[in-house]
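A.B. asks: Residue numbers (this note's numbering), protein chains in the order written: chain A, 403 to 571; chain B, 9 to 303.
Note that the Cβ used here is the ideal one computed from N, Cα and C, for glycine as well.
Please read through the structure below; I'll follow up with questions.
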Amino acid sequence: MKYWRLMILVMGCIILQSTLVPFLKIINVHPDIVLMVIIAISVLLGFKMGTLFGFIAGLLLDISTGGTVGIYASVYTLIGFSSGLMEKKVFKDNFLLPLVFCFVGTFIKGFLEYILLRYSGISVSFISSFGVVVFPEAIYNAIMAPFVYYLIYRLPIFKYLRMYPYGII
Amino acid sequence: MRWMWRNRYLLVIVIVFAILMSVVIKHTGIERERFSKVEQVISTIFRPVENVLTDATEAVKNSFDGMVSLLNTHKENKVLEERMQDYEALSHKLKEVQLENNELRQMAELKANNENFDLMVAEVINRSPSNWQGSFIINKGIKNGIEKDMTVVSLGMELVGRVFSVGDRYAVVLPLIDQYSRVGGRIEETRETGVIRGVASNTKIQCIMERLPRSAKVKKGQTVTTSGLGIFPKGIIIGEVSSVKNGLQGISTEAMIKPYADFNTLEKVFLIKRVLKEIPEIPSPEEMSESIGGQ
């Protein structure tokens with residue numbers, strides 16, 4: 403129950419992602435704030451919460467936008483899990499961390515999304531789209547990620563992290 | 009093998025998850041007539057918030073558009089800088105009112121004048137979060153009389169797409185620039201038909217018209233309309249040809265199409281409920297004799 407603030411934040415991001423964010427288009431690509439939030443949560447809280455939040459956020463995003471159910475759920479679950487595995491190996495104070503994670507995460511997301519879209523029966527062209535869609539989106543996400551990370555890092559439940567950045571000895 | 013046994017619960021969860029997801033994706037990925045009850049319930053929770061946010065976005069976007077255009081003029085007319093500032097507030101207000109006025113007038117006139125189609129207005133409330141797809145959600149559904157495969161056009165009667173799947177009070181629209189979309193098109197000047205495919209993820213080209221005959225006399229600047237072959241009614245304008253090239257293996261011609269409708273700024277759309285006057289109806293012999301007998 404102590405994660406209710408995070409849950410509300412994630413829900414808010416899902417709604418923003420499908421209403422306001424598409425208007426932030428630059429060269430036909432908009433950023434993915436849900437991805438940034440999932441990465442931030444799983445880097446800060448570990449792979450269990452990362453996977454859980456990834457799955458819930460993905461499923462809600464799928465359902466609320468009327469697309470194929472399961473694509474974003476799988477993509478975000480995997481990203482939440484894999485970035486959560488690095489939790490113990492990184493310094494959480496460094497704001498280059500979300501930048502790098504979001505850059506790489508966008509590529510993983512693009513690749514998975516492509517495979518799952520193909521699997522669900524919607525054919526998308528790979529070679530022509532990857533450079534035009536995924537690469538600009540990765541840069542866009544990487545630039546925006548530190549700001550989103552900072553907002554989440556400021557939440558009350560991460561107070562102990564700010565007090566003991568090297569862990570409680 | 010030992011680590012597999014140590015992580016056996018995780019392994020089971022992963023396998024169950026993978027199977028579940030693949031079944032769900034396969035089940036919901038194909039074109040659907042209606043949404044399931046679970047999806048509709050969850051969507052209904054999100055809808056009101058989205059409605060409010062969309063309205064807010066429109067307001068912000070309008071004011072932002074105003075600011076951008078003012079900034080440009082500012083650059084061009086450095087001499088008039090001081091005077092511009094005085095007019096800033098006024099012109100901004102005027103612009104908003106004008107836009108709204110134009111839109112309303114357009115809607116009212118179209119509704120009154122368009123004898124060919126029975127139209128219905130709907131608002132765009134949600135867009136696909138994916139950069140690969142271009143679908144969006146409108147705020148009318150089965151309860152408002154919307155059916156699957158209804159044609160969607162912009163306020164200027166340019167083709168936007170078709171209704172893809174329907175919920176009780178909302179529907180998903182598949183625009184013609186989506187990669188999944190196929191529209192039967194005809195080149196107005198030469199009367200040649202082809203299939204228009206979307207390329208949503210590309211910046212410059214949004215649609216490609218395929219399967220034109222090799223001998224087609226397509227040229228840049230020609231107008232493309234719907235051919236009437238398929239689910240779209242005949243004669244709705246789509247866009248213009250921006251360039252022509254040889255198709256696959258040189259057996260056909262491909263034309264790049266620039267749609268007239270602006271998909272990035274769509275706010276309101278029309279749905280064609282019914283085609284009122286397309287082909288003149290020929291009465292059946294029984295009806296003829298009946299009407300003669302009646303007279």
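Tell me whether B/Ala26 is buried or exposed, calling it buried when 16 or more other Cβ atoms sit within 10 Å of its Cβ.
C.D. replies: Under this definition B/Ala26 is an exposed residue.
A.B. asks: Show which residues of chain A have a CB atom less than 8 Å away from the CB atom of B/Thr36.
C.D. replies: The answer, in chain order, is Thr470, Val471, Gly472, Ser522.
A.B. asks: Can we say the stretch 436 to 446 of chain A touches the stretch 484 to 495 of chain A, given the rule of at least three CB pairs closer than 8 Å?
C.D. replies: The stretch 436 to 446 of chain A vs the stretch 484 to 495 of chain A: in contact.
A.B. asks: For the stretch 415 to 433 of chain A, which residues have a beta carbon sitting closer than 9 Å to at least one beta carbon of chain B?
C.D. replies: So the list reads Ile416, Ile417, Leu418, Gln419, Ser420, Thr421, Leu422, Val423, Pro424, Phe425, Lys427, Ile429, Asn430, Val431, His432, given in the order they occur along the chain.
A.B. asks: Taking the straight line between their C-alpha atoms, what separation do you get for B/Ser250 and B/Met264?
C.D. replies: One C-alpha to the other measures close to 6 Å.
A.B. asks: B/Thr198 to B/Ser223, Cα distance in whole Å?
C.D. replies: If you take the alpha carbons of B/Thr198 and B/Ser223, they lie about 11 Å apart.
A.B. asks: Whole angstroms is fine: what's the gap from B/Phe172's alpha carbon to B/His35's?
C.D. replies: Rounded to whole angstroms, B/Phe172 to B/His35 spans 16 Å at the Cα level.
A.B. asks: Tell me, which residues are paired with B/Met75 by DSSP?
C.D. replies: Beta-bridge pairing links B/Met75 to no other residue.
A.B. asks: Among B/Gly238, B/Lys227, B/Arg219, B/Phe144, whose alpha-carbon lies nearest the alpha-carbon of B/Gln257?
C.D. replies: Selected option, being the one with the closest Cα: B/Arg219.
A.B. asks: Here's a check: name, in chain order, each residue in its chain whose Cβ is nearer than 8 Å to the Cβ of B/Pro288, leaving out the five neighbours to either side.
C.D. replies: Only weak support exists for where B/Pro288 lies, its pLDDT of 43 falling under 50; the coordinates are left without a value.
A.B. asks: Classify A/Met451 as helix, strand or coil using the three-state DSSP reduction.
C.D. replies: Of the three classes helix, strand and coil, the one that applies to A/Met451 here is helix, per DSSP.
A.B. asks: Counting only beta-carbon atoms, is B/Ile145 nearer than 8 Å to chain A?
C.D. replies: With 8 Å as the cut-off, B/Ile145 counts as an interface residue toward chain A.
A.B. asks: Quick check on the burial criterion: 16 or more other C-beta atoms within 10 angstroms. Buried or exposed for B/Gln106?
C.D. replies: Classification of B/Gln106: exposed, given that the 10 Å Cβ count is below 16.
A.B. asks: Cutting at 8 Å between CB atoms, please list the residues of its own chain near B/Ile290, excluding the five before and the five after it.
C.D. replies: Note that B/Ile290 has pLDDT 48, beneath the 50 cutoff, so the model's placement of it is unreliable and no number is given.
A.B. asks: Please name the residues in the stretch 164 to 195 of chain B whose beta-carbon is closer than 9 Å to at least one beta-carbon of chain A, in chain order.
C.D. replies: So the list reads Phe172, Ser173, Gly175, Tyr178, Ala179, Val180, Asp186, Gln187, Tyr188, given in the order they occur along the chain.
A.B. asks: If you follow the beta strand (DSSP E) that B/Met264 is part of, which residue opens it and which one closes it?
C.D. replies: That run of the beta strand (DSSP E) goes 260 to 267.
A.B. asks: Would you kindly work out how many angstroms separate the C-alpha atoms of B/Thr52 and B/Lys253, rounded to a whole number?
C.D. replies: Their backbone Cα atoms lie some 46 Å apart in a straight line.
A.B. asks: Would you verify that the beta carbon of A/Ser466 is, or is not, closer than 8 Å to some beta carbon of chain B?
C.D. replies: Yes, A/Ser466 lies at the interface with chain B (some Cβ there is under 8 Å from its Cβ).
A.B. asks: Using a Cβ-Cβ cut-off of 8 Å, state whether B/Pro137 counts as contacting chain A.
C.D. replies: Yes, contact with chain A.
A.B. asks: Taking B/Lys151 as the reference, give the member of B/Arg177, B/Lys225, B/Gln114, B/Pro137 with the closest Cα.
C.D. replies: Of the listed residues, the one whose Cα sits closest to B/Lys151 is B/Arg177.
A.B. asks: Do you know how far the Cα of A/Lys404 is from the Cα of B/Gly243?
C.D. replies: Their backbone Cα atoms lie some 59 Å apart in a straight line.
A.B. asks: Once you ignore the five residues that flank B/Phe43 on each side, which residues in its own chain have a CB closer than 8 Å to its CB?
C.D. replies: Cβ neighbours of B/Phe43 beyond the five flanking positions: Ser51, Ser173, Val174, Gly175.
A.B. asks: My parser needs the beta strand (DSSP E) runs of 3 or more residues fully inside the stretch 122 to 174 of chain B; what are they?
C.D. replies: Complete beta strand (DSSP E) runs here, min 3: 125 to 135, 144 to 146, 159 to 161, 167 to 174.
A.B. asks: Can you give me the start and stop residues for the alpha helix (DSSP H) that A/Met488 sits inside?
C.D. replies: Unbroken run through A/Met488: none, as it is neither H nor E.
A.B. asks: Beta-carbon of A/Ala544 versus every beta-carbon of chain B: anything under 8 Å?
C.D. replies: No, because no Cβ of chain B sits closer than 8 Å to the Cβ of A/Ala544.
A.B. asks: Between B/Asn272 and chain A, is the shortest Cβ-Cβ distance under 8 Å, so that the two count as touching?
C.D. replies: By this cut-off, B/Asn272 is an interface position.
A.B. asks: What residue range does the alpha helix (DSSP H) around A/Gly512 cover?
C.D. replies: Per DSSP, A/Gly512 belongs to the alpha helix (DSSP H) from 498 to 522.
A.B. asks: My output table needs one value for B/Gly206: the three-state DSSP class, helix, strand or coil.
C.D. replies: Three-state DSSP puts B/Gly206 in a strand.
A.B. asks: Suppose the cutoff is 6 Å on Cβ atoms and the five residues either side in sequence are ignored; what does the same chain contact list for A/Ser522 look like?
C.D. replies: Correct list, in chain order: Thr470.
A.B. asks: Enumerate in chain order the residues of its own chain whose CB-to-CB distance from A/Ala547 is below 7 Å, with the five nearest sequence positions on each side excluded.
C.D. replies: The residues are Met438, Pro500, Leu501, Cys504.
A.B. asks: Mind checking if B/Glu58 is an interface residue toward chain A, Cβ cutoff 8 Å exclusive?
C.D. replies: Yes, contact with chain A.
A.B. asks: Secondary structure at A/Gly456, three-state DSSP: helix, strand or coil?
C.D. replies: It is helical.
A.B. asks: Assess, as a yes-or-no matter, whether the stretch 148 to 164 of chain B is touched by the stretch 275 to 284 of chain B under the definition of 3 or more beta carbon pairs within less than 8 Å.
C.D. replies: Yes, the stretch 275 to 284 of chain B touches the stretch 148 to 164 of chain B.
A.B. asks: Check whether chain B comes within 8 Å of A/Leu411, counting only Cβ atoms and requiring the distance to be less than that.
C.D. replies: For A/Leu411, the answer is no, since every Cβ of chain B falls outside 8 Å of its Cβ.
A.B. asks: Once the 5 residues before and after A/Ile571 are set aside, which same chain residues still bring their CB inside 6 Å of it?
C.D. replies: Unreliable positioning characterises A/Ile571 in this predicted model, as indicated by a pLDDT of 46, which lies under 50. The coordinate reading is nonetheless provided below. No residues qualify anywhere along the chain.
A.B. asks: So is B/Val160 in contact with chain A if we call contact Cβ pairs under 8 Å?
C.D. replies: False, the Cβ-Cβ gap to chain A never drops below 8 Å.
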